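Colleague: The numbering of the sequence shown is the working numbering, which starts it at 65 and goes up by one.
Where is the CB? At the ideal position from N, CA and C, for every residue including glycine.
Everything numeric in this text was worked out from a predicted model, so none of it was measured.
Sharing a structure below in structure tokens format, with a few things to ask.
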Amino acid sequence: SFEDRNGDQLTLRPENTAGVARCFISEGLAQQAPLKYFYAGPMFRRERPQKGRLRQFHQIGIELIGVASPAADVDVIAAGHRVLSSLGLEDKVTLELNTLGDAESREAYRDALVAYLTPHRAALSADSRDRLERNPLRILDSKDDADKEIVAEAPDFSDYLNEDSRTFFAGVEEGLSRIGIGYELNPRLVRGLDYYGHTAFEFTTDALGAQGTVLAGGRYDGLIKLMGGPSTPGVGWAAGVERLAMLIDAESDSGAVLAIVPMGAAATEEAHKLAEGLRNSGYAVDVGYSGNLSRRMKRADRIGASAALILGDDELARNVVQVRDMKTGEQSEIALDDVTAGLAQYR
Numbered sequence: 065s066f067e068d069r070n071g072d073q074l075t076l077r078p079e080n081t082a083g084v085a086r087c088f089i090s091e092g093l094a095q096q097a098p099l100k101y102f103y104a105g106p107m108f109r110r111e112r113p114q115k116g117r118l119r120q121f122h123q124i125g126i127e128l129i130g131v132a133s134p135a136a137d138v139d140v141i142a143a144g145h146r147v148l149s150s151l152g153l154e155d156k157v158t159l160e161l162n163t164l165g166d167a168e169s170r171e172a173y174r175d176a177l178v179a180y181l182t183p184h185r186a187a188l189s190a191d192s193r194d195r196l197e198r199n200p201l202r203i204l205d206s207k208d209d210a211d212k213e214i215v216a217e218a219p220d221f222s223d224y225l226n227e228d229s230r231t232f233f234a235g236v237e238e239g240l241s242r243i244g245i246g247y248e249l250n251p252r253l254v255r256g257l258d259y260y261g262h263t264a265f266e267f268t269t270d271a272l273g274a275q276g277t278v279l280a281g282g283r284y285d286g287l288i289k290l291m292g293g294p295s296t297p298g299v300g301w302a303a304g305v306e307r308l309a310m311l312i313d314a315e316s317d318s319g320a321v322l323a324i325v326p327m328g329a330a331a332t333e334e335a336h337k338l339a340e341g342l343r344n345s346g347y348a349v350d351v352g353y354s355g356n357l358s359r360r361m362k363r364a365d366r367i368g369a370s371a372a373l374i375l376g377d378d379e380l381a382r383n384v385v386q387v388r389d390m391k392t393g394e395q396s397e398i399a400l401d402d403v404t405a406g407l408a409q410y411r
């Protein structure tokens, strides 16, 4: 479901940028631009699965349609940066940035690139030989080692940018610097479809092997017109949920696992309150729902809990909780009002 700026709800099966463009055209929203959309849902790709690259995966994304200025690119990149920061990944990713220029600039560079690559055709990979005819810019992003050696000496895209393209990209760089978002220029960062132009960007990491792109996007001013709608600028990004989850699992430390063992109805009610407070403090907490004390303690051991918090009627009456260290077996009391500080040793 999408909500336009007037608060109207529009429903569309969660898809990617092209799905948002179809929604824009079919719902006749050209008069309501600029519009901000977000989406989330399952996606599918027809290729051999790899680590971080699955046949079925889930994707989140945002799109800003109807704004032609560099400020839109900056806002969209900043939103992606904010998402990654909220997941604790700000220091684990790098923003890579490039410009594809306008149509005139891309055509000039395409001609220069083809002229450079044609004498090397026989040494290119099979995929790159095919791309040489259809989309030579994609060769710049080839992962083939032989292709990389050839591309290393290819003409620089920046030498073929006209003045309008240079001015636009300077606006994006200045906007990012103004709000304190760092980036690295990557002249080999390209997009494989002709409707993309100007800004291309990716947040990348070295923690996931070959699948290092965490969040990627760019400007697609030619898409809506290509699909039969009016000429409309757009910029957006998408991120794979599974890949984000893999990065968080690999890099983050969420603190100790704690098991809360309540004995009795009153203790069970208090246990849930205690669990939420500890979770909000960064602990992973399991609450035992059934079984005698021995059985619940065995579960605490099985899930790898660092400590078990035992809470019964006597503890409630004294406003304390029993804490058993699962490694040493030692047991102590902590006041319920001071339980977070009392468990600091388990972080």
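#1: Alpha carbon to alpha carbon, how far is residue 11 from residue 253?
#2: According to DSSP, is residue 398 part of a helix, a strand, or is it coil?
#3: Excluding the five sequence neighbours on either side, which residues of its own chain have a C-beta within less than 8 Å of the C-beta of residue 191, listed in chain order?
#4: Note the first and the last residue of the continuous alpha helix (DSSP H) segment covering residue 357.
#5: Residue 268: which of 248, 285, 210 and 284 sits nearest, CA to CA?
#6: Out of 237, 222 and 184, state which residue places its alpha-carbon closest to the alpha-carbon of residue 211.
#7: If I measure Cβ to Cβ from residue 79 and keep anything under 6 Å in the same chain, skipping five residues before and after, which residues do I get?
#8: Taking buried to mean at least 16 other C-beta atoms within 10 Å of its own C-beta, is residue 66 buried or exposed?
#9: How close, in whole Å, do the beta carbons of residue 370 and residue 322 come, if the pair is a contact with beta carbons under 8 Å?
#10: Would you check if the segment 223 to 234 and the segment 169 to 189 touch, i.e. whether three or more CB-CB distances between them fall below 8 Å?
#11: Whole angstroms is fine: what's the gap from residue 335's alpha carbon to residue 142's?
#12: Use the C-beta contact count for residue 214: other C-beta atoms within 10 angstroms, 16 or more gives buried, fewer gives exposed.
#13: When DSSP builds the beta bridges, which residues end up paired with residue 100?
#14: With a threshold of 16 other CB atoms inside 10 Å of the CB of residue 163, please say whether the residue is buried or exposed.
#15: Leaving out the 5 sequence neighbours to the left and right, which residues in its chain are closer than 6 Å to residue 299 when beta-carbon positions are compared?
#16: Just to confirm, are residue 396 and residue 387 a CB contact at a threshold of 8 Å?
#17: Does DSSP put residue 218 in a helix, in a strand, or in coil?
#18: According to DSSP, simplified to helix, strand and coil, what is residue 263?
#19: Between 360, 182, 362 and 217, which lies nearest to residue 251 when the distance is taken from Cα to Cα?
#20: So is residue 197 buried or exposed if we call it buried at 16+ other beta carbons inside 10 Å?
#21: In the DSSP assignment, the beta strand (DSSP E) including residue 283 goes from what residue to what residue?
#22: Do residue 290 and residue 259 have their beta-carbon atoms positioned less than 8 Å apart in this structure?
Modeller: On the basis of the coordinates in this document:
#1: There is no way to answer for residue 11, as the model of the chain reaches only from 65 to 411.
#2: strand
#3: 206 and 208
#4: 357 to 366
#5: 248
#6: 184
#7: Caution applies to residue 79, whose pLDDT of 44 falls short of 50 and renders its modelled position unreliable; the value that the coordinates give is listed next. Once the five neighbours on either side are set aside, residue 79 has no close Cβ partner at all.
#8: In this prediction, residue 66 scores a pLDDT of 37, lower than 50, which makes its location untrustworthy; no coordinate-derived value is stated.
#9: 7 Å
#10: yes
#11: 40 Å
#12: buried
#13: 128
#14: buried
#15: 128, 136, 137, 140 and 283
#16: yes
#17: coil
#18: strand
#19: 217
#20: exposed
#21: 277 to 283
#22: yes
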